[in-house]
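Q: Top to bottom, those sequences are chains F and H.
If you use numbering that gives the first Met the number 0, the first sequence closes out at 170, no skipped numbers anywhere.
If you use numbering that gives the first Met the number 0, the second sequence closes out at 170, no skipped numbers anywhere.
For every residue, glycine included, the Cβ atom is placed at its ideal position computed from N, Cα and C.
There are 2 protein chains.
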Amino acid sequence: MTIRWRIMRERPNYCDPAERIMNECRLRRTKSRIAILRILLDSKTPLTHEEIHEQMLHTGIDRVTVYRSLQSFWEAGIVHRVEAGDRVWRFAVCSCHSRSHCHPHFTCRLCGRVECLFELTMPSIEESVSGYQIEEQEVYWRGICGQCASKSDRTIKKSIDQSSPKNHADV
Amino acid sequence: MTIRWRIMRERPNYCDPAERIMNECRLRRTKSRIAILRILLDSKTPLTHEEIHEQMLHTGIDRVTVYRSLQSFWEAGIVHRVEAGDRVWRFAVCSCHSRSHCHPHFTCRLCGRVECLFELTMPSIEESVSGYQIEEQEVYWRGICGQCASKSDRTIKKSIDQSSPKNHADV
DNA sequence: TCGCTATTTGCAATCGAGTTGCATGTAGAT
DNA sequence: ATCTACATGCAACTCGATTGCAAATAGCGA
Numbered sequence: 000m001t002i003r004w005r006i007m008r009e010r011p012n013y014c015d016p017a018e019r020i021m022n023e024c025r026l027r028r029t030k031s032r033i034a035i036l037r038i039l040l041d042s043k044t045p046l047t048h049e050e051i052h053e054q055m056l057h058t059g060i061d062r063v064t065v066y067r068s069l070q071s072f073w074e075a076g077i078v079h080r081v082e083a084g085d086r087v088w089r090f091a092v093c094s095c096h097s098r099s100h101c102h103p104h105f106t107c108r109l110c111g112r113v114e115c116l117f118e119l120t121m122p123s124i125e126e127s128v129s130g131y132q133i134e135e136q137e138v139y140w141r142g143i144c145g146q147c148a149s150k151s152d153r154t155i156k157k158s159i160d161q162s163s164p165k166n167h168a169d170v
Numbered sequence: 000m001t002i003r004w005r006i007m008r009e010r011p012n013y014c015d016p017a018e019r020i021m022n023e024c025r026l027r028r029t030k031s032r033i034a035i036l037r038i039l040l041d042s043k044t045p046l047t048h049e050e051i052h053e054q055m056l057h058t059g060i061d062r063v064t065v066y067r068s069l070q071s072f073w074e075a076g077i078v079h080r081v082e083a084g085d086r087v088w089r090f091a092v093c094s095c096h097s098r099s100h101c102h103p104h105f106t107c108r109l110c111g112r113v114e115c116l117f118e119l120t121m122p123s124i125e126e127s128v129s130g131y132q133i134e135e136q137e138v139y140w141r142g143i144c145g146q147c148a149s150k151s152d153r154t155i156k157k158s159i160d161q162s163s164p165k166n167h168a169d170v
């Protein structure tokens with residue numbers, strides 16, 4: 000009985016998904032980490048440090064803590080870390096548990112949002128190139144999301160002129 | 000005769016590849032731009048601002064000029080701009096002239112170098128996801144390059160422990 | 001339940017890739 | 001040869017991310 004009780008105390012069965020994940024990964028369940036992981040679990044899209052911190056302003060948790068918590072989540076393999084072309088890290092909990100063949104990420108160059116394209120299966124990296132040991136794959140798609148595409152032509156045209164490289168004849 | 004002479008003067012046939020490209024793209028052929036584009040043309044791998052600037056220290060050209068020249072090359076479509084996971088832009092001249100289906104880039108997490116995997120053809124993005132207007136595709140592979148892989152096990156093991164996320168049981 | 005210790009947090013300072021403003025220089029057109 | 005729009009150098013700046021250190025605390029054993 001005593002032994003059983005100790006086992007229970009060492010690895011309790013947390014109902015809250017955030018706490019359960021952190022317990023399984025042997026990360027200390029601090030108030031800040033639990034709050035951050037809950038926000039990530041609730042989000043359908045990868046989030047930046049800033050977006051997460053914004054949702055936590057009422058808690059008074061420091062932005063450095065957000066950085067450091069995300070770092071430890073990433074090191075523990077709990078979250079994916081993607082960079083969608085604007086030099087800003089985005090984090091997402093991913094249930095695929097794989098770093099080598101995950102879904103592509105789509106970035107809208109008008110509204111800037113990043114989405115996970117779960118429905119797209121990626122080519123396996125088994126067919127490795129000779130000499131390289133390939134461990135991870137990231138696929139980014141960029142363009143215009145449905146919401147932005149449905150806006151007026153004028154708006155879209157203007158943004159294209161500002162943000163997109165011009166074509167050149169021939170190199 | 001006079002007319003022919005004027006045509007020749009307007010679009011002269013530059014022998015130097017860098018000057019020819021810039022002429023075709025209607026970019027001013029300044030000393031700095033020519034030097035930067037030559038470095039890129041000579042390089043087999045994508046280069047960072049810093050790597051390019053380092054090769055030009057003797058010229059006294061300012062680092063801001065390097066940034067701005069690369070920006071204009073990118074806007075003109077002469078170079079590709081990739082971000083390999085370390086929040087640093089890398090630039091490469093690419094003969095494919097396409098932004099939508101280019102080759103993947105490989106980053107070695109030990110030596111940090113980025114290579115273009117020309118021999119790998121990428122899946123076409125014709126099969127577009129409904130609602131999205133996909134314009135660009137970037138594919139990154141990460142792992143260990145042949146050179147680093149051939150080094151001693153001890154060295155590699157050490158680096159893995161330091162840089163790679165640990166595996167976790169199950170999320 | 002209490003106290004100990006390794007880990008985490010908050011705060012301030014710092015880093016560094018990239019950008020901006022402005023006066024000066026220059027490529028390329030006339 | 002001259003003129004003008006564009007390119008450059010310099011200094012200051014932006015901002016996402018990191019670091020150092022003292023204070024707080026999660027989780028352990030007693």
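Would you kindly check if the distance between the Cβ of L69/F and the Cβ of H48/F is under 9 Å?
A: For H48/F and L69/F, yes; Cβs fall inside 9 Å.
Q: At the level of alpha carbons, what is the spacing between Y131/F and S149/H?
A: Looking at the two C-alpha atoms, the distance is approximately 10 Å.
Q: Tell me the DSSP secondary structure of D15/F in three-state form.
A: It is coil, neither helix nor strand.
Q: Spatial neighbours of I20/H within its chain, please: C-beta separation below 7 Å, excluding the five flanking residues on both sides.
A: Cβ neighbours of I20/H beyond the five flanking positions: L36 and I77.
Q: Name, in chain order, the residues that DSSP records as bridge partners for W140/F.
A: The partner list for W140/F (beta bridge, DSSP) reads F105/F and Q136/H.
Q: Identify the contact partners of E137/F in chain H, using a Cβ-Cβ distance below 7 Å as the criterion.
A: Here the neighbours are Y139.
Q: Can you give the beta carbon distance from Y139/H to A83/H, rounded, assuming they're within the 8 Å contact cut?
A: That pair is a contact at about 6 Å.
Q: Along chain F, in chain order, which residues have C-beta atoms closer than 8 Å to that of E82/H?
A: The contacting residues are E82, G84 and R86.
Q: DSSP has H173/F in a bridge; who is on the other side?
A: Because chain F spans 0 through 170 in this model, residue 173/F falls outside it and cannot be assessed.
Q: Can you list, in chain order, the residues of its chain whose CB lies under 7 Å from that of A17/H, leaving out five sequence neighbours each side?
A: Same-chain partners within the cutoff: I33, L36, R37 and L40.
Q: I'd like to know whether the C-beta of A148/F is nearer than 9 Å to at least one C-beta of chain H.
A: Answer yes: the Cβ-Cβ gap between A148/F and chain H drops below 9 Å somewhere.
Q: Below 9 Å between beta carbons: does that hold for C115/F and K43/F?
A: Result yes, Cβ atoms of C115/F and K43/F sit closer than 9 Å.
Q: Answer with yes or no whether the minimum CB distance from Y131/F to chain H is below 9 Å.
A: So, interface residue.
Q: Specify the secondary structure class of T47/F as computed by DSSP and reduced to three states.
A: The answer is strand: DSSP assigns T47/F an E or B state.
Q: What do you reckon, are the CB atoms on V92/F and H102/F nearer than 9 Å?
A: Taking 9 Å as the Cβ cut-off, V92/F and H102/F do not qualify as a contacting pair.
Q: Establish whether the CB of R108/H and some CB of chain F are separated by less than 9 Å.
A: Interface residue, yes.
Q: Would you call the CB atoms of E137/H and V87/H closer than 9 Å?
A: No, they are not a contact pair.
Q: Please list the partners that E134/H has in chain F, where partner means a Cβ-to-Cβ separation under 7 Å.
A: In chain order: R141 and G142.
Q: State yes or no: is the beta carbon of G145/H nearer than 9 Å to at least one beta carbon in chain F?
A: With 9 Å as the cut-off, G145/H counts as an interface residue toward chain F.
Q: Here's the rule I'm using: 16 or more other beta-carbon atoms within 10 Å means buried, otherwise exposed. How should V113/H be labelled?
A: Answer is buried; the Cβ neighbour count reaches 16.
Q: Tell whether a beta-carbon distance below 9 Å holds between I171/H and V63/H.
A: Not covered by the structure: residue 171/H. The range shown for chain H is 0 to 170.
Q: Should F90/F and L46/F be called a contact, given that it needs their Cβ atoms to be closer than 9 Å?
A: Their beta carbons are under 9 Å apart, which means F90/F touches L46/F by this criterion.
Q: Starting from C115/F, trace the alpha helix (DSSP H) both ways and give me its first and last residue.
A: Element bounds for C115/F: not the alpha helix (DSSP H) but the beta strand (DSSP E), V113 to C115.
Q: Which word fits R141/F, buried or exposed, when buried means at least 16 other C-beta atoms lie within 10 angstroms of its C-beta?
A: R141/F should be labelled buried.
Q: Would you mind reading off the limits of the alpha helix (DSSP H) that contains R32/H?
A: K30 to D41 is the span of the alpha helix (DSSP H), which, as asked, contains R32/H.
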